[in-house]
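Asks:
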Amino acid sequence: MKERCKWKAAILVLIMVGLLKEFRPSGPFLVDYAVDHKNFTGEQMTHEVLPATTGSYIVSLILLLMVTDVLCYKPIIVAGGVYNTITWVITIWGFHSINLARLRQIFYGLSVTTTEVAYFTYMYANIEKNEYKRVTSYTHSAIHFGQFVSGMTGQLLISFNLMDFEELNYLSLGGGIGALLFSLLLPRVLRDVEEEKALKAQMGDENDAEQPMKLNEKDEKAPAPSPIPTGLDYTRNVGLKKQPSRLQRSEHHKWSVWWAMSYGLYIQVDLYVEGLWKEIEHHSHQNVYNGAVHASHAIISVVLGLIVGRTKMCWIKWGCLVFGVSTVLQGVALFVMAKTHDLYVAYAMFILFQTMFQVLVIIAKSQVAESIREKSEAFIFGMNTLTACIIHLLLTMAVTSRHGFHLPIRDQYVVYGVYGILLGVGFGCYDLPSKLAGKTRSWSVDVRNSFGRGAKVGGKDEKNVHDEEKEMETISASMPYSIPREH
Numbered sequence: 469m470k471e472r473c474k475w476k477a478a479i480l481v482l483i484m485v486g487l488l489k490e491f492r493p494s495g496p497f498l499v500d501y502a503v504d505h506k507n508f509t510g511e512q513m514t515h516e517v518l519p520a521t522t523g524s525y526i527v528s529l530i531l532l533l534m535v536t537d538v539l540c541y542k543p544i545i546v547a548g549g550v551y552n553t554i555t556w557v558i559t560i561w562g563f564h565s566i567n568l569a570r571l572r573q574i575f576y577g578l579s580v581t582t583t584e585v586a587y588f589t590y591m592y593a594n595i596e597k598n599e600y601k602r603v604t605s606y607t608h609s610a611i612h613f614g615q616f617v618s619g620m621t622g623q624l625l626i627s628f629n630l631m632d633f634e635e636l637n638y639l640s641l642g643g644g645i646g647a648l649l650f651s652l653l654l655p656r657v658l659r660d661v662e663e664e665k666a667l668k669a670q671m672g673d674e675n676d677a678e679q680p681m682k683l684n685e686k687d688e689k690a691p692a693p694s695p696i697p698t699g700l701d702y703t704r705n706v707g708l709k710k711q712p713s714r715l716q717r718s719e720h721h722k723w724s725v726w727w728a729m730s731y732g733l734y735i736q737v738d739l740y741v742e743g744l745w746k747e748i749e750h751h752s753h754q755n756v757y758n759g760a761v762h763a764s765h766a767i768i769s770v771v772l773g774l775i776v777g778r779t780k781m782c783w784i785k786w787g788c789l790v791f792g793v794s795t796v797l798q799g800v801a802l803f804v805m806a807k808t809h810d811l812y813v814a815y816a817m818f819i820l821f822q823t824m825f826q827v828l829v830i831i832a833k834s835q836v837a838e839s840i841r842e843k844s845e846a847f848i849f850g851m852n853t854l855t856a857c858i859i860h861l862l863l864t865m866a867v868t869s870r871h872g873f874h875l876p877i878r879d880q881y882v883v884y885g886v887y888g889i890l891l892g893v894g895f896g897c898y899d900l901p902s903k904l905a906g907k908t909r910s911w912s913v914d915v916r917n918s919f920g921r922g923a924k925v926g927g928k929d930e931k932n933v934h935d936e937e938k939e940m941e942t943i944s945a946s947m948p949y950s951i952p953r954e955h
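Here you go:
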């Protein structure tokens, strides 16, 4: 009970880390800040500064894959808080040249990857798998609620001329420092403690205090293992969990494919959307509500995420269809964003895209976590995120970079829209062959069994039936009854 309360408190601290980390009111206005206050151009931000984020994603993820599970998450979360703080220090006092702006994006990328790998997998180490979806919804909802508070704060302060873009950066710095301080309060992952106890028990370092063992009795009377708190199992702590079944591996691969490919698109869209809005606003001369847009999709994601966390559905059966249709709709939304000349229509399509992704990724992450071997959550999450970043890198090199097609911002979003539609169609048809084959196989088995039952009489089969009946009578006689038997 005490350990359960301890980890409930840990969840609350983790939620505060996520909320404060995302409290950056100046985030949605980075391009406006760079153009209006630091004399950058929109072209420089889109093609020279923002692409620097991609490299930091990939390099940091390769390192995180090797150390996150070993270091048991907390040090990585703390490091993410440090990177986030440095990001806003550079934004305030060092955003004067292309190279410093790129350095700022590198630290920003480091803070994002630590969140994606360590923050979202921290609690998986100490809870049962049937709690994964609910805890995933909590941690994601904390992120989205932080984005909501951040977006509304920034938008209101800008709309009422209480602060300018430069002054908002100080609030973002305060949020980063707060997240860092709360991350220091996180308890060490309990799994590491239990591993130490298990190893000590194996080495014979832990002896029974009340009945000391003699050396010659050591093999006969081994010390009782330490009790493991609720939510843990021994095999997880010593790494002896059985390998996933074939079905689990298939589900893991399916959800990982969608997660990686969809997240790669999400990173690309989210990173360059301010450039698209700036392009539309330049011609439409409409009022800018970037902060309100981020706040809107964030609060909708919070509500839907909490609902999804408590909803039970057979995703093995319906997952491909639901995800396929939803991803196609995301692609259509991006295509509309690319073609519209109305800033508010672009805002609405972005909210639709973001909300659908954030809800679907909660389901995908929980399904992946349930289908993989325990004690490997951070590695698998990191691999999926690394794959997504490689896709993001390829899109950047092909679409955005000067070494690729170097497309205008609107044409870039046409490409992203087509990508989303193709991904949705492909994923929607992912398990159609297996389902059709399964139905055919099930029909043939039923027919064969029906013919077999009509042909088998007497002899050996009859003997097997009698043996089974006798065995069932023996089992039933040994079972306790809550209702008196009839005499």
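All residue numbers for the sequence shown refer to the numbering used here, where the first residue is 469 and numbers rise by one. Quick reminder that beta carbons are idealized off the backbone N, C-alpha and C, glycines included.
Do S730 and V829 come within 9 Å of each other at the CB atom, strictly closer than that value?
Replies: Cβ atoms of V829 and S730: closer than 9 Å.
Asks: According to the neighbour-count rule (16 or more other Cβ atoms, all chains shown, within 10 Å of its Cβ), is S627 buried or exposed?
Replies: The residue in question, S627, is exposed, as its Cβ has fewer than 16 Cβ neighbours within 10 Å.
Asks: Grab the span of the alpha helix (DSSP H) containing I566 for me, first residue to last.
Replies: Per DSSP, I566 belongs to the alpha helix (DSSP H) from 566–582.
Asks: Which residues in the same chain as L811 place their Cβ atom closer than 6 Å to its Cβ, once the five residues preceding and following it in sequence are excluded?
Replies: Only I748, E749, S752, Q754 meet the Cβ criterion.
Asks: Where does D500 land, buried or exposed, given buried means 16+ other C-beta within 10 angstroms?
Replies: It counts as buried.
Asks: Should C897 be labelled buried (16 or more other beta-carbon atoms within 10 Å of its own) or exposed?
Replies: Exposed: under 16 other Cβ atoms inside 10 Å.
Asks: For L568 and T855, I'd like the C-alpha separation in whole angstroms.
Replies: Their Cα atoms are separated by approximately 27 Å.
Asks: Suppose the cutoff is 8 Å on Cβ atoms and the five residues either side in sequence are ignored; what does the same chain contact list for V557 look like?
Replies: These residues qualify, in order along the chain: L641.
Asks: To which residues of the same chain is S651 closer than 7 Å at the C-beta, ignoring the five residues directly before and after it?
Replies: Excluding residues within five positions, the ones whose Cβ falls inside 7 Å are V485, I545, V546, G549.
Asks: State the Cα-Cα distance for the pair P876 and V793, rounded to the nearest angstrom.
Replies: Computed Cα separation, rounded: 28 Å.
Asks: List the endpoints of the continuous alpha helix (DSSP H) containing V893.
Replies: Unbroken alpha helix (DSSP H) run through V893: 877–896.
Asks: If you measure between the beta carbons of F633 and D738, is that distance less than 9 Å?
Replies: Their beta carbons are not under 9 Å apart, which means F633 does not touch D738 by this criterion.
Asks: Could you compute how far the alpha carbon of Q736 sits from the alpha carbon of V535?
Replies: C-alpha separation (whole angstroms): 26 Å.
Asks: From A593, M631, T604, pick the residue whose C-alpha is nearest to that of R656; which is it?
Replies: The candidate whose alpha carbon is nearest that of R656 is A593.
Asks: Can you check the segment 792–839 for any alpha helix (DSSP H) of at least 4 residues that lies completely inside it and give the ranges in chain order?
Replies: Here the runs fully enclosed are 811–839.
Asks: Would you decide whether T435 is buried or exposed? Buried here means 16 or more other CB atoms lie within 10 Å of its CB.
Replies: Outside the displayed span of the chain (469 to 955) sits residue 435, for which this structure offers no information.
Asks: According to DSSP, is R602 helix, strand or coil?
Replies: Reduced to three states, the DSSP call for R602 is helix.
Asks: Grab me the residues of Y881's own chain with a C-beta within less than 7 Å of its C-beta, minus the 5 sequence neighbours each way, in chain order.
Replies: Here the set comprises L744, L802, M805, A806.
Asks: Between the beta-carbon of Y551 and the beta-carbon of A586, is there less than 9 Å?
Replies: No. Outside cutoff.
Asks: Ignore the nearest five residues each way along the sequence and tell me which others in G850's own chain have a CB closer than 7 Å to its CB.
Replies: So the list reads L529, L532, L533, T536, V585, once near-sequence residues are dropped.
Asks: Just to confirm, are Q573 and T607 a CB contact at a threshold of 9 Å?
Replies: For Q573 and T607, no; Cβs fall outside 9 Å.
Asks: Suppose the cutoff is 7 Å on Cβ atoms and the five residues either side in sequence are ignored; what does the same chain contact list for Q439 look like?
Replies: A query on residue 439 cannot be resolved here, the shown segment of the chain reaching from 469 to 955 and no further.
Asks: Beta-carbon separation of V577 and K489 under 9 Å?
Replies: The residue you asked about is not Val; residue 577 is Gly in the sequence shown. No, they are not a contact pair.
Asks: For V481, which of F563, L648, I889, P493 has the nearest alpha-carbon?
Replies: Of the candidates F563, L648, I889, P493, the one whose C-alpha sits nearest the C-alpha of V481 is L648.
Asks: If you count every other CB in all the chains shown that lies within 10 Å of the CB of N852, and 16 or more means buried, which is it?
Replies: Burial call: buried.
Asks: Verify whether the separation of the beta carbon atoms of S834 and H612 is less than 9 Å.
Replies: No; because the gap between Cβ atoms is not below 9 Å, this pair is not in contact.
Asks: Pull up the CB-CB distance for A502 and G619, whole angstroms please, since I reckon it's below 8 Å.
Replies: A502 to G619, Cβ: 19 Å. No contact.
Asks: Measuring alpha carbon to alpha carbon, tell me which residue in V771, T808, V776, F491 is nearest K746.
Replies: Nearest option by C-alpha distance: T808.
Asks: So, for T604: in the same chain, excluding its five sequence neighbours on each side, which residues have a beta-carbon less than 8 Å away from its beta-carbon?
Replies: Result list for T604: F588, G777, I830, K833, S834, A837, in chain order.
Asks: Can you check which of these residues, H874, H871, V867, G872, is closest to V886 by C-alpha distance?
Replies: Among H874, H871, V867, G872, the Cα nearest to that of V886 belongs to V867.
Asks: Closest by CA to S724, which one among G495, I840, I479, M631?
Replies: The candidate whose alpha carbon is nearest that of S724 is I840.
Asks: In the DSSP assignment, find the alpha helix (DSSP H) that holds M534 and state where it starts and stops.
Replies: Here the alpha helix (DSSP H) through M534 covers 520–539.
Asks: Whose C-alpha, out of A728, Y740, Y525, V538, is nearest the C-alpha of P496?
Replies: Selected option, being the one with the closest Cα: Y740.
Asks: Starting from N552, trace the alpha helix (DSSP H) both ways and give me its first and last residue.
Replies: Where N552 is concerned, the enclosing alpha helix (DSSP H) stretches over 542–561.
Asks: Less than 9 Å between the C-beta atoms of I566 and E516, yes or no?
Replies: Yes; because the gap between Cβ atoms is below 9 Å, this pair is in contact.
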